[in-house]
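In the UniProt record's numbering, the protein residues as written are 1 to 216. These notes concern the structure reproduced below.
Right, here's the structure in full:
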């Protein structure tokens with residue numbers, strides 16, 4: 001199940017960017033590994049983007065309730081259900097807690113992609129920026145959309161770079177404390193080919209999680 005967001009991504013990417021990215025990844029995983037794909041969660045914890053037009057947030061408790069309810073509903077019919085949360089939004093810290101709690105008696109819920117998966121995918125794609133430098137609306141997200149849905153990317157991405165490599169008080173100030181445009185990263189470096197290679201890498205990286213979930 002893809003978990004996205006509904007939040008600003010500067011002037012060149014749509015409000016649904018995180019959901020689209022998560023859905024593209026989820027579709028690839030479902031096709032490669034023969035998995036059933038649920039409809040996405042399209043809003044989540046986007047409080048760091050409050051104040052930017054269009055952003056809509058859910059409380060952490062609401063997101064927790066949604067995931068728990070989905071899992072419980074699946075378990076009513078499928079007692080051995082395994083749920084993979086494909087997270088497209090970096091601010092969804094609560095998803096890690098949900099997964100850890102669900103796995104107390106054995107692997108039953110996975111969160112993907114992890115930090116290492118993204119690092120490997122960025123390297124495989126030949127991206128020029130790091131994940132820390134390219135935090136929001138940058139080379140990573142723009143490349144994936146240029147590959148999967150180029151019609152969603154405005155040409156202004158070529159001039160939309162915004163640098164804010166040090167963000168020590170981000171949890172206090174949110175995005176507004178470090179970016180006037182809502183972007184932190186280098187969308188000008190994005191290409192469709194990088195997006196395709198990143199998705200190929202992520203699809204391959206999921207193998208380890210898949211094998212753990214189906215082991216029993």
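Where a beta carbon is used, it is the ideal one built from N, C-alpha and C, also for glycine. Quantities reported herein were computed from a predicted structural model and do not represent experimental measurements.
| query | result |
| --- | --- |
| Please classify residue 88 as buried or exposed, where buried requires at least 16 other C-beta atoms within 10 Å of its C-beta. | buried |
| Can you grab the Cα-Cα spacing for the pair residue 34 / residue 210, in whole Å? | 10 Å |
| Quick one: grab the DSSP three-state call for residue 160. | coil |
| Between which residues of its own chain and residue 140 is the CB-CB distance below 6 Å, once the five residues before and five after are set aside? | 134 |
| Just checking my contact of residue 75 with residue 85 at CB under 8 Å: how many whole Å lie between their CB atoms? | So it is not a contact: roughly 15 Å between Cβ atoms. |
| Taking a contact to mean a Cβ-Cβ separation below 8 Å, would you say residue 72 touches residue 40 in this structure? | no |
| Whole angstroms is fine: what's the gap from residue 202's alpha carbon to residue 188's? | 22 Å |
| Could you have a look at residue 206 and say whether DSSP puts it in helix, strand or coil? | coil |
| Could you tell me which residues DSSP pairs with residue 136 in its beta bridges? | 184 |
| Let me know the alpha helix (DSSP H) ranges lying completely inside the segment 97 to 129, each 4 residues or longer, listed in chain order. | 115 to 125 |
| Nearest CA to the CA of residue 114: which residue from 138, 137, 7 and 25? | 25 |
| Take every Cβ of the segment 190 to 207, pair it with every Cβ of the segment 171 to 179, and state whether three or more of those distances are shorter than 8 Å. | no |
| Taking the alpha-carbon positions, what's the residue 168 to residue 136 distance? | 16 Å |
| Which residue's Cα is closest to the Cα of residue 170: 5, 46 and 160? | 46 |
| Have a look at 83, 22 and 112 and flag the residue whose alpha-carbon is nearest the alpha-carbon of residue 36. | 83 |
| Quick check: what's the CA-CA separation for residue 130 versus residue 122? | 8 Å |
| Ends of the alpha helix (DSSP H) at residue 77? | 60 to 77 |
| Straight-line CA distance for residue 5 to residue 19? | 6 Å |
| Hey, would you say the C-beta of residue 62 is under 7 Å away from at least one heavy atom of the ligand COA? | The ligand COA is not among the ligands present in this structure, which contains no ligands whatsoever. |
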